[in-house]
Every structure is written in structure tokens, then in C-alpha cells.
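Taking it in order: structure first as C-alpha cells, then the write-up.
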């Protein structure tokens, strides 16, 4: 009889203490949460992500060479007025 009373008391203690521990509201760690935390906090994973980003940038840079290029230049020359200091080619004297 005392053994049954002891088991009954232990059962009640487990039930009530288990319920209070369960109701404490502590967040449960799921597999998805654990993987997300590992991705955020692991420097190796962060560095790998940065290397992938750099590789994509190098790929974009390499493929840009095959794209059409556009260039613009501007030249201005005044031909109505004589220059103040005319340039004479070396080895020739100006006539006159």
C-alpha cells in the first residue's frame, strides 16, 4: 500500500511540475530555428556567401567585355581666326 501511495505521489508531482515547466513559455528550438541561427552566427558560412557574391560580380565583369561599347568624344577647332603664335614645323623657316 505504501508503495502505491509513493507511486501516486510521484505521478502527481510529475504531472504538476511538468505542467508548470511546460507552461513557463520558454521558446522551443526547432530544426529550422537551429539552421537559421547557424547561418547567421557561423563566420565560415558568412565568408562562403561573400565569396559567392564576389564570384557573381567577376562573372558579370567578364561578360561585360562582349557587350557593345559606346564612346563619345568632342573636338573644337576655330578656323576663322589666325592663331596668335603660329606653329612652324621644325626644320622649315617661315617664308616672308
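Numbering (the working numbering), first residue to last: 402 to 497. Backbone N, C-alpha and C define an ideal beta-carbon position, used for all residues, glycine too.
Item	Value
CA-to-CA distance, residue 407 to residue 418, given in whole angstroms	16 Å
Neighbourhood of residue 451 by C-beta, 8 Å cutoff - its chain only, sequence neighbours within 5 removed	none
Residue 433, enclosing alpha helix (DSSP H) - first and last residue	432-442
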